[in-house]
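8 is the number of the first residue of the sequence shown in my numbering; add one for each residue after it.
For each residue, glycine too, the CB sits at the ideal point set by N, CA and C.
Below is one structure, written out as structure tokens; the observations come after it.
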Amino acid sequence: IDDPTVIDEISESIRIYLGGKKLSYNHKSYLIDLLKQTNSDENVFSKKKNDEMINAILKEVIDGNISINGRKSFYEIPYSDRNKKLSLSNLSTGMKSFSILSILKNSGAFNTVEYVILDEPEIHLHPEWQLKYAELIVLLSKYLNIKFLVTSHSPYFIEAIELFSMKHGIEGKVNYYKSKHTQNPNFYTIEDYTQRLSDIYDELAESMFDLQNLRDELELEEE
8 IDDPTVIDEI SESIRIYLGG KKLSYNHKSY LIDLLKQTNS DENVFSKKKN
58 DEMINAILKE VIDGNISING RKSFYEIPYS DRNKKLSLSN LSTGMKSFSI
108 LSILKNSGAF NTVEYVILDE PEIHLHPEWQ LKYAELIVLL SKYLNIKFLV
158 TSHSPYFIEA IELFSMKHGI EGKVNYYKSK HTQNPNFYTI EDYTQRLSDI
208 YDELAESMFD LQNLRDELEL EEE
């Protein structure tokens, strides 16, 4: 999952066939097909008891129903006198990020995949929602036994994953890796930094130190 706006294409996607063979099928097309697997209204708050914590987080962001029927997809606005609906394409990018996980969870699509790859999921989210998303990932991994591969350049989001993993008792199942250039600029090596997580934080925080140094310089010039 590298682009929350993929949810816009649930109603637009048309598979192209030639001689009975599907063409141009990539990870984005696969995700769209998974999102379209459900044919009934999904209430994200009516699942098993062991999902209560997951649903509680989702409810804070998606306090309403998501309906996907054929080529139509809607978000039912809660507390609306006239049962108003919005097309999923009109939701904020942040809500789309949560909606994708909600749809995949409720449709059972997570049971059909071995890994879920999230490419910098925090970039579309308010800092408060970044924390909720991080905890949601941890809970989905714990209760639905999902293996997530998450890429991020945010020390804030990585630390959220670390702390929520500790809070929910799965810190021993979470590993942290860092890519490094090799002598060949076209290749990288992946090193395990699980026991050196502070090194990742230090490196990712360097830009913040640069800003602080710039602030200090500007304040000195004003004196």
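Helix, strand or coil at Ile73 [DSSP, three-state]: strand
Three-state secondary structure assigned by DSSP to Ser31: Low confidence applies here, because Ser31 scores a pLDDT of 46, under 50, leaving its location unreliable; read the following figure in that light. Coil, per DSSP.
Simplified DSSP state of Val68, which is helix, strand or coil: helix
Residues near Ile168 by beta carbon distance below 6 angstroms, same chain, minus five either side: Ala141
Whole-number beta carbon distance between Met60 and Leu146, since they are thought to touch under 8 angstroms: 5 angstroms
is_contact[Glu121, chain C] using C-beta, thresh 7 angstroms: Protein chain content of the structure displayed is limited to a single chain, and chain C is not contained in it.
Cβ-based burial, Leu225 [other Cβ within 10 Å; buried from 16]: exposed
Counterpart residues of Phe155 in DSSP-defined beta bridges: Val123
Alpha helix (DSSP H) segments (min. 4 residues) lying fully within the segment 160-199: 162-174
Span separating the alpha-carbon of Leu138 from that of Met102: Their Cα atoms are separated by approximately 14 angstroms.
Cβ-Cβ distance between Ile144 and Ser109 below 7 angstroms: In this structure, Ser109 does not lie closer than 7 angstroms to Ile144 by Cβ.
Residue range of the alpha helix (DSSP H) that includes Glu129: Segment: none, Glu129 is in no alpha helix (DSSP H) and carries neither H nor E.
Nearest to Lys91 (by Cα), restricted to the options Thr100, Gly71, Ile107 and Phe105: It is Gly71 whose Cα lies nearest to the Cα of Lys91.
Assigned secondary structure, Ser94 (DSSP; H/G/I helix, E/B strand, else coil): strand
Gly1 (DSSP reduced to helix, strand or coil): Missing from the structure shown is residue 1; the chain here goes from 8 to 230 and no further.
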